[in-house]
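Student: I have a structure here, written as structure tokens, and I will follow up with some questions on it.
Protein chains: 2
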Amino acid sequence: MKTLIVHAHPEPKSLNSSLKDLAVSTLENAGHEVQVSDLYAMNWKAVVDAGDYGRHASSPLKVARDSGRAFDAGTLTQDVRTEQEKLLWADTIIFQFPLWWYTMPAILKGWVDRVFTSHFAYGVGEHSDTKYGERFGEGTLAGRRALLSVTVGGPQPHYGARGINGPIDDLLFPIQHGILYYPGIEVLPPFVLYGTDRMAVEDYPDVAKAWEQRLLTLESTEPIAFRRQNCGDYEMPSLRLREGLEPAGRTGFGLHMRG
Amino acid sequence: MKTLIVHAHPEPKSLNSSLKDLAVSTLENAGHEVQVSDLYAMNWKAVVDAGDYGRHASSPLKVARDSGRAFDAGTLTQDVRTEQEKLLWADTIIFQFPLWWYTMPAILKGWVDRVFTSHFAYGVGEHSDTKYGERFGEGTLAGRRALLSVTVGGPQPHYGARGINGPIDDLLFPIQHGILYYPGIEVLPPFVLYGTDRMAVEDYPDVAKAWEQRLLTLESTEPIAFRRQNCGDYEMPSLRLREGLEPAGRTGFGLHMRG
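In order, the protein sequences belong to chains X and R. Going by the numbering used here, the first residue of the first sequence is number 118, and it counts up by one from there. Going by the numbering used here, the first residue of the second sequence is number 118, and it counts up by one from there.
Written out as structure tokens, the structure is:
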């Protein structure tokens, strides 16, 4: 595999950083190639602004249009182009981050906001009343697979089907489906560690073993069965899921999974 | 009302900035007090790091613990303390932002990550096997109400109950329930503008009228009926919703709304 690890934690001695380091060594020892985007170590600029689009920044700024023009012209900033190149190089992308306020830390959201430009991650393919782009299963990043490796402070039952925070799969849906599957990446079931606020040092060996196990079986892991946009499941142009495709009782985000 | 508007768009001439400006003038003309946190204009630091906690930053950095210590000691950075003071001053908080990748822009997530520290927004109240804090309806910010005002590029049907992106209420749940209701803020139904990628200048007067109407009726608007954590609906310590409380067929995030 050619693996890109996008890592978002400020502390090199944190659990998240240990899991990132373990992923690098485990994958390299198994003969895979690895690149790491350690966003804090890179002092990653988290905020989209006109500076991202150089001479293609219009006044007033139009983020979608201007980012697409700068992408087409090859004039995005070097930091963004480097990340786009890493994504094109990789066949596997691991995101390592703590769940902060039920989603990714700002620095990682800023990586998405800046790297996933128009004409690269969205605004790809024909947009008309009969086709609304190549996305959700198609797109620039099709053929790649991604995995979220997430640490969660609270206990697992709080994230269960009836848990107060909401089910973890639903909390991660806007990332897994909305950010990753949108530009074509297949998404593997996440690796989630719960209760990390109260984790003790002596718990780490078991955690490390479970993580190594996931890493060494990535290639045979089946992705989440999200529905493809352009294979007949959705009406056009409403992109409303056709009636009767889902098992009885399935609602909400779950509708967008097959079977 | 004492209204805080937290605004997150890089372009002062954007639709989002126009809606922010209109909110200021509409509320002030109606006799309300208004403060604005214009995050781009403030050059808001989006990224949590050790610099946020001064001498309370431990090595290795522990974000939750260190932020709580710095909060207790009053040594958080001035920018964060100012935002916390604005939140304590306000009875109403409006968040104005574009939906980027199905959630808030990084600069606004970074406002949450940095301002919502431990002992201020979480880690409040007794945490034991019989009580898991004052949150979800209780907490430092109880008694306040918030409203998301969100612009969405795509068309409304894509965000409907069967729309490909998932229902807008579910996409906003991690923000409305997970970020706002968690520290005690009641959340009003959001003001969502769809199809803004293709909105024309001549559409703006109708949009402005609808927004003014929402602003002038905020005081009489009923909040979303999220369930309170500590009123018997949840088992302890699992914080699992008790069986049989929800209408038949209700699942997922919807479980956490009454009635």
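Every residue, glycine too, gets a C-beta built ideally from N, C-alpha and C.
Whole beta strand (DSSP E) runs in the stretch 189–248 of chain R with 3 or more residues, listed along the chain?
Tutor: 209–215, all fully within the stretch 189–248 of chain R.
Student: For glycine 123 of chain X and chain R, any beta-carbon pair shorter than 8 Å?
Tutor: Note that residue 123 of chain X is valine in the sequence shown here, rather than glycine. No, valine 123 of chain X lies away from the interface with chain R (no Cβ there is under 8 Å from its Cβ).
Student: Nearest chain X C-beta to glutamate 128 of chain R closer than 8 Å, yes or no?
Tutor: Cβ-Cβ to chain X under 8 Å: yes for glutamate 128 of chain R.
Student: Use the C-beta contact count for asparagine 282 of chain R: other C-beta atoms within 10 angstroms, 16 or more gives buried, fewer gives exposed.
Tutor: With 16 or more Cβ atoms within 10 Å of its Cβ, asparagine 282 of chain R is classed as buried.
Student: In whole angstroms, what separates the C-alpha of serine 154 of chain X from that of lysine 130 of chain X?
Tutor: Using only the alpha carbons, I get a separation of about 17 Å.
Student: What residue range is occupied by the uninterrupted beta strand (DSSP E) comprising isoleucine 292 of chain X?
Tutor: Isoleucine 292 of chain X -> not in any beta strand (DSSP E); alpha helix (DSSP H) instead, spanning 285–292.
Student: Once DSSP output is grouped into helix, strand and coil, what is the label at aspartate 155 of chain R?
Tutor: Strand.
Student: Taking C-beta to C-beta, are tyrosine 311 of chain X and glutamine 346 of chain X nearer than 8 Å?
Tutor: No.
Student: For tyrosine 276 of chain X, which beta-bridge partners are listed by DSSP?
Tutor: DSSP, once it has assigned bridges, lists no residue as partnering tyrosine 276 of chain X.
Student: Should threonine 368 of chain R be counted as a contact of the ligand ZN given a C-beta to heavy atom distance under 7 Å?
Tutor: The ligand ZN is absent from the structure shown, which contains no ligands of any kind.
Student: Quick one: what does DSSP say tyrosine 170 of chain R is sitting in, helix, strand or coil?
Tutor: Tyrosine 170 of chain R falls in the helix class under three-state DSSP.
Student: Report, in whole angstroms, the separation of the C-beta atoms of leucine 332 of chain X and leucine 144 of chain X, which I expect to be a contact under 8 Å.
Tutor: Rounded, the Cβ-Cβ distance is 6 Å, consistent with contact.
Student: Taking Cβ-Cβ distances shorter than 7 Å, what residues in chain R pair up with valine 318 of chain X?
Tutor: The premise fails here: valine 318 of chain X is roughly 12 Å from chain R at the closest Cβ pair, so nothing lies under 7 Å.
Student: Just checking: is the beta-carbon of phenylalanine 212 of chain R within a distance shorter than 8 Å of some beta-carbon in chain X?
Tutor: Output row for phenylalanine 212 of chain R: interface = no.
Student: Please report the residue range of the alpha helix (DSSP H) in which arginine 359 of chain X lies.
Tutor: Per DSSP, arginine 359 of chain X belongs to no alpha helix (DSSP H) and is neither H nor E.
Student: Do threonine 192 of chain X and glycine 168 of chain X come within 8 Å of each other at the CB atom, strictly closer than that value?
Tutor: No; because the gap between Cβ atoms is not below 8 Å, this pair is not in contact.
Student: Identify, in the order they occur along the chain, each residue of the same chain with its Cβ nearer than 8 Å to the Cβ of valine 232 of chain X, setting aside the five sequence neighbours on each side.
Tutor: Counting only Cβ-Cβ distances below 8 Å, and skipping sequence neighbours, we find Val197, Glu200, Gln201, Leu204 and Ala238.
Student: Where does serine 337 of chain X land, buried or exposed, given buried means 16+ other C-beta within 10 angstroms?
Tutor: So serine 337 of chain X ends up on the exposed side.
Student: In whole angstroms, what separates the C-alpha of histidine 275 of chain R from that of glycine 240 of chain X?
Tutor: Taking the straight line joining both Cα atoms gives about 16 Å.
Student: Starting from threonine 120 of chain R, trace the beta strand (DSSP E) both ways and give me its first and last residue.
Tutor: Per DSSP, threonine 120 of chain R belongs to the beta strand (DSSP E) from 119–124.
Student: Kindly list the residues whose CB is nearer than 7 Å to the CB of alanine 174 of chain R, restricted to its own chain and excluding five residues on each side of it in sequence; keep chain order.
Tutor: Only Ala167 and Asp183 meet the Cβ criterion.
Student: So the candidates are X:Ile211, X:Pro127, X:Ser355 and X:Val180; which of them puts its Cα closest to the Cα of lysine 119 of chain X?
Tutor: Per the Cα distances, X:Ile211.
Student: Quick one, are the C-beta atoms of threonine 268 of chain R and leucine 132 of chain R less than 8 Å apart?
Tutor: Yes, the Cβ-Cβ distance between threonine 268 of chain R and leucine 132 of chain R is below 8 Å.
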